[in-house]
Amino acid sequence: MEIRRENVTRYITPLREGGSLPALAEASDGFKYVVKFRGAGHGPKALIAEFIGGAVATALGLRVPELVLLDVDEDFGRTEGDEEIQDLLKASRGLNLGLHYLSGAMTVDPYVNGIDGLTASKIVWLDAFLTNIDRTLRNTNMLVWNNELWLIDHGASLLFHHSWSDPEKAALSPFPYVRDHALLSRASKMEEADKLMRQKITPRTLEKIVDAIPDKWLQWEEGPSPEEIRKAYRTFLVKRLANSSVFVKTAVEARNNL
């Protein structure tokens, strides 16, 4: 897995609709990015979830804005007048994560935008696999850009790593939160999506994604070592893939109960 690395050169504006206070910024390559900062909210865990979520979605053939590693240097943001944002930038010096900014994109409304049953099922499968609780009717985290459907914001995925519970046990979670998914009512082909998704990603694919997580995001002040952290993510993802029938069954039952 290859991922570009750039420097943040200009802070444009905070995106206050995000719970972790992401921002729109420009990088040294001249492009604009939505930046997720290491110093916000859940810290590097949110970046890891965003990284894994985006990489898995891409491997599955779903559209996600390009992920780019972004460096914030010591001088960046000194002219920012908002003290809260200044503190955030100070706490985020070093390596952060950016998603290519889709200028002019529109938020998806599942009741208005036509999304076919198989596509909806693939997206529900992805979010149940990643245990992503943040793609609901209130906040779909889906955009239409250039007449194509794009997925954004996977930072609320991988629930197990917030309590750092047993990854093997967590991998077998039926994920009941799927009942709140924005596309569940349209996800009429979950079994077909399960078959297709399992053909697209292998345990080796998942291991490569975990191996590509930047080392700096794994240096937590307390808790397990970086290698122990990688092992936990590998274990969770590989075992969850092998037991996808558990969360697929839950999704089908939840849809039948709508």
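Just so we're aligned: 38 in numbering that gives the first Met the number 0 is position 39 of the sequence shown, and the numbers increase by one with no gaps anywhere.
We treat Cβ as the ideally placed atom computed from N, Cα and C, and that holds for glycine.
- Looking at G52, A54, T57, Y10, the one whose alpha-carbon comes closest to that of V34 is Y10.
- For I228, the enclosing alpha helix (DSSP H) stretches over residues 225-241.
- In this structure M196 is buried. Its beta-carbon is surrounded by 16 or more other beta-carbon atoms within 10 angstroms.
- Taking one beta carbon from each stretch, the stretch 107-125 and the stretch 78-93 have fewer than 3 pairs nearer than 8 Å; the two do not touch.
- Within the stretch 33-83, the runs of beta strand (DSSP E) that reach at least 3 residues and sit entirely inside it are, in chain order, 66-71.
- The stretch 31-47 makes contact with the stretch 100-109: 3 or more CB pairs, one atom from each, lie closer than 8 Å.
- Secondary structure note for I208: its alpha helix (DSSP H) is the uninterrupted segment 202-210.
- Residue pairing of A169 in beta bridges, as defined by DSSP: absent, with no partner found.
- Of all alpha-carbon atoms in S156, E25, V7, E65, the one lying nearest the alpha-carbon of E73 is that of V7.
- Using a 10 angstroms sphere on the CB of D81, the tally of other CB atoms stays under 16, which defines it as exposed.
- For L182, the number of other beta carbons within 10 angstroms of its own is at least 16, and it is reported as buried.
- Contact check for D193 and S243: beta-carbon distance about 6 Å, within the 8 Å limit, so the pair qualifies.
- Rounded to the nearest whole angstrom, the CA to CA distance from T135 to D108 is 11 Å.
- When DSSP assignments are scanned along the stretch 81-136, the uninterrupted stretches of beta strand (DSSP E) that are 3 or more residues long and fall wholly within it turn out to be 93-99.
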